[in-house]
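Report on one structure; see the data block that follows.
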Amino acid sequence: MSATLEHPGAKNVAAESEPRGTEQVAGTKRLVKGNEALALGAVHGGLEAFFGYPITPQNEIPEILSGLLPSLGRVFLQAESEVASINMVYGASAAGHRTMTSSSSPGISLMMEGLSYIAGARLPCVIINVMRGGPGLGNIAPSQADYFQACKGGGHGDFHSLVLAPWNVQEMFELPALAFDLADRYRTPVFILADAVLGSMLEPAVVPDQIPPLRKVSKEWATVGRGRRAVKNVVNSLYLDPEVLSAHNETLQSTYREARREIRYDTRFTDDAEILLVAFGIAARVGLSAVRLLRKQGMRIGLLRPITLFPFPSDAIKHLAKQVRQTFVFELNSGQMVEDVRLAVNGISPVDFYGRMGGVLPGPEELAEQIRSRIGRGDSL
Amino acid sequence: MERLDIDVRRCKGCGLCVEFCPKHCLELGDGMNAIGYHPAELHKPEACTSCSLCAEVCPEAGIRVFRKKKGKP
Amino acid sequence: MSIEMAMMGKASADDRPATTCDDVECVMARPASMTDKLMHYCPGCTHGIIHRLVGEMIDEFGLLDHTVGVCPVGCSVFAYEYFQCDAIEASHGRAPAVATAVKRTDSSRFVFTYQGDGDLASIGMAETIHAAARGERITIFFVNNGIYGMTGGQMAPTSLIGQKTTTSPSGRIAETTGMPIGVCELLSSLKGVAYLARVPISSPKNINTARKYMRKAIRAQLENKGLGLVEFLSTCPVQWAMSPIAAMKHIDNTVIKTFPPGVFVDRVDPVDATSTPMPAVAHTGAEA
Ligand SMILES: Cc1ncc(C[n+]2csc(CCOP(=O)(O)OP(=O)(O)O)c2C)c(N)n1
Ligand code: SF4
Ligand code: SF4
Ligand code: SF4
Ligand SMILES: [Mg+2]
């Protein structure tokens, strides 16, 4: 499957039950809440400094970190706003530390200028968005309506964040550590896109008993104070000369191209599939159940679940589009990721979309019925 | 040995040193430097007391002030 | 200019040859913590004087090797080019938030911000007030020139009543734009502030007073007492449409009537028992 990485052990495991825990990790399996998993996962991943502002449905994250981080001699600070939070993240990252903020949709909107500075200055950091319904104040129900915002830059200027989308509590625990590693490797912000259901979901997950000690990642560019260094370091995104800024933009773009080797996705029942369902996060959970229902009814349908939303698993989708008669995309929004699926499929076979907005999470029967009734109807969005 | 060393490369001819010299020993010269300004000059070196007030107000941090060490003739 | 030179007290960032006569001593020179780079400020703009004072302070306290400067957007957007220390460019108004994180993640750093009045008192007012309220161990150098210099002379929250700017062409009117914000007056009620003073940059004498204030604002951080802020009444000859000298006189004759200079808070050298410092924030051992 070209240069893409498979999610370990997840490909075409037809008989597999609901999302698996990772038994290889030594630790205790217990019931963990999604937001708790994100908080613990970040700490296990080396989080040194957290800055955030309360907003539902992610409040357990700062609540847990407010006790845990200081007890480890690390930094927790409740900022005066999301604007301050993201700029504190900017400062802590500039000073060489693994740093994170978490919020939900309206708060993430408020962070966009700061995010653009972070991307412009090539600073690593992790941002969690436990998405809720929008636009505006919307509601606090699950949504995936911030896909564009997270995956297409969101702030001003040509930039991207890498975007990871967990679908169960185990991944909510594991992806923050991966996010920190990717952030440091590519010097980009990394988003974790969860939603109100994943955040409050209670599921068994394996959490290591011991928090690993901090592993200092050396960052020769960081503004830690000059010390004995021969040259000063400056963290900056200002390049007045258009040619120089253009070269800087090129550097960013080549970083995003390089990051394509990090593409991760999960496929289920795709080996013999004639119909492909593409969904991420909580929608993929509903999607997998719908696939099982439809399989029982004899439909040869499979699921592809992008784990990295940016970079997007376009090659894997393109490859499957050649095999299947039709592709369905299911999202909790008006149709955002479907644009990337269509670009990947590029007319090879029809792509259809079903979405619910406003925080409505349809059941597998509703989705299965939509897929069944639209078979052969082709590109109808 | 002049008591004053005005960095003509960075002087912007703002005149603040001229204004604040208590001994009136500075003036803006006729010459023009590479950045297009008439740099200040010490035209009455004998009157200069090395008081440093000119350097204190220079926005370019471009004036060095020297004085005879005490105890030396 | 080497970092070693910078740390040798009397060294200078001036690349011109030093005097070789041993009966002569240098009494004033460009601070070693400044770079040799030509500054971009307009002729006579007091930003340059304040830069030199910041450089002098870093030299005097021997702080260069662990200083991180935070310089947001404004005329001083290139300030990082003029100092030898590590520096971070912050977005407009957010320097106190950035500085907060740099300091909290390692309290051995000396962290300062260098902010304009539009930056600190308008778009960044929330960050300013909350950093002060939390008693962040940071030092703020606040350059109040009563105008948005960089963007072409628009009205600032600190513009004087009657002041003509490009967005108050017939003079600032209190009825529609309110009264100028006195940042020192506003912040003086906050217990996290350990030192707060305002000084006009209008004469050698006042520049020397600025030095004294800056020492205390730096000590507020070094001695773990709280936030230190010095407000400089600074000139903007170009946007004020005045000569550099007239601009300085304008500060002394007019600006100080709205912004009276002086020390507003001093918990660094407390004169009475009521002005004790706020308890130290739990700084991290993340480095340890
Ligand atoms: C978010 C944002 N809004 C507006 C600007 C444009 N801007 C740059 S500097 C500035 C005002 C600077 O004024 P001040 O802080 O007083 O500094 P001065 O130039 O007077 O020294 C403004 C409005 C910006 N860079 N970013
Ligand atoms: S050192 Fe004093 S006397 Fe000499 S030129 Fe400067 S201001 Fe005038
Ligand atoms: S104060 Fe400095 S910049 Fe201004 S005229 Fe004198 S030497 Fe030149
Ligand atoms: S515009 Fe005003 S504040 Fe900015 S450099 Fe010029 S004189 Fe100074
Ligand atoms: Mg200003």
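Chains as they are written, first to last, in the working numbering: chain A, 6 to 386; chain B, 98 to 170; chain C, 967 to 1254.
Note that CB positions come from ideal geometry on N, CA and C, so glycine has one too.
query, result
"N- and C-terminal bounds of the alpha helix (DSSP H) containing A:Met-288", "The sequence shown places Ala at residue 288 of chain A, rather than the Met named in the question. Residues 286–301."
"Residues within the stretch 223–237 of chain A neighbouring chain C, beta-carbon criterion of under 8 Å", "Thr-228, Val-229, Gly-230, Arg-231, Gly-232, Arg-233, Arg-234, Ala-235, Lys-237"
"Ligand 5 heavy atom lying under 7 Å from the CB of C:Tyr-1080", "no"
"When A:Leu-115, A:Gly-162, A:Gln-63 are compared against A:Ser-251, the one with the closest alpha-carbon", "A:Gly-162"
"3 or more residues per run - each beta strand (DSSP E) lying fully within the stretch 27–69 of chain A", "33–38, 54–57"
"Stretch-stretch touch, CB-based, cutoff 8 Å, three pairs: the stretch 1160–1177 of chain C with the stretch 1190–1204 of chain C", "yes"
"B:Glu-157 Cβ short of 7 Å to ligand 3 heavy atom set", "yes"
"Straight-line Cα distance separating C:Tyr-1007 from C:His-1013", "7 Å"
"Chain B contacts from the stretch 1108–1138 of chain C (Cβ-Cβ distance under 7 Å)", "none"
"Unbroken alpha helix (DSSP H) run spanning C:Ala-1061, endpoints", "1061–1070"
"Distance between A:Leu-348 and C:Gln-1050 (C-alpha atoms, nearest Å)", "49 Å"
"Identity of the residues DSSP links to C:Arg-1018 by a beta bridge", "Partner(s): none; C:Arg-1018 has no beta bridge."
"The stretch 1139–1161 of chain C: positions lying closer than 9 Å to chain B by Cβ", "none"
"8 Å CB neighbourhood of A:Glu-28 in its chain, flanking five on each side removed", "In this predicted model, A:Glu-28 has a pLDDT of only 46, less than 50, meaning its place in the structure is not dependable; the value taken from the coordinates is given anyway. Val-211, listed in sequence order."
"Sequence-distant residues of its chain with Cβ nearer than 6 Å to A:Ala-295 (five each side left out)", "Pro-369, Leu-372, Ala-373"
"Cβ-based neighbour list, A:Ala-84, same chain, cut-off 7 Å, excluding 5 preceding and 5 following", "Phe-56, Gly-57, Tyr-58, Ser-90, Met-93"
"C:Arg-996 burial status per 10 Å Cβ neighbour count (16 or more: buried)", "buried"
"Between the CA atoms of A:Met-177 and A:Ile-287 - distance to the nearest angstrom", "12 Å"
"Residue from A:Leu-43, A:Glu-344, A:Ile-312, A:Gly-340 with nearest C-alpha to A:Ile-69", "A:Leu-43"
"Distance between beta carbons of A:Val-88 and A:Met-116, contact taken as under 8 Å", "7 Å"
"Members of the stretch 120–144 of chain B that neighbour chain C once the beta carbon cut-off is set at 9 Å", "Ile-132, Tyr-134"
"For A:Ser-90, three-class secondary structure by DSSP", "helix"
"A:Asn-64 CB to nearest heavy atom of ligand 6 below 7 Å", "In terms of ligand content, the structure shown lacks ligand 6 and carries ligand 1, ligand 2, ligand 3, ligand 4 and ligand 5 instead."
"A:Gly-204 versus A:Phe-164, A:Ser-148, A:Asn-241, A:Val-236, residue with shortest Cα-Cα distance", "A:Ser-148"
"Buried versus exposed, by CB contacts within 10 Å (16 or more), C:Met-1121", "buried"
"Contact list for the stretch 1012–1043 of chain C against chain B, Cβ threshold 8 Å", "Thr-1012, His-1013, Gly-1014, Ile-1015, His-1017, Arg-1018, Gly-1021"
"Close-in-space but distant-in-sequence residues of the same chain around B:Gly-159 (CB under 6 Å, 5 per side omitted)", "Asp-104, Arg-107, Cys-108"
"Three-pair Cβ contact test at 8 Å for the stretch 1109–1116 of chain C versus the stretch 1055–1075 of chain C", "no"
"Closer than 7 Å: C:His-1216 CB and nearest ligand 4 heavy atom", "no"
"Per-residue burial, C:Ile-1139 [other beta carbons within 10 Å of its own, 16 or more giving buried]", "exposed"
"Simplified DSSP assignment, three categories, for A:Arg-310", "strand"
"For A:Lys-327, three-class secondary structure by DSSP", "helix"
"Neighbour list for B:Cys-111 in chain C, Cβ cutoff strictly below 7 Å", "Pro-1009, Gly-1010, Pro-1210"
"Residues sharing a beta bridge with A:Lys-237, DSSP", "BP columns for A:Lys-237 are empty, so no partner."
"Beta carbon proximity, C:Asp-1072 to chain A, threshold 8 Å", "yes"
"Beta-bridge partners of C:Gly-1035, as assigned by DSSP", "C:Ala-1053, C:Phe-1078"
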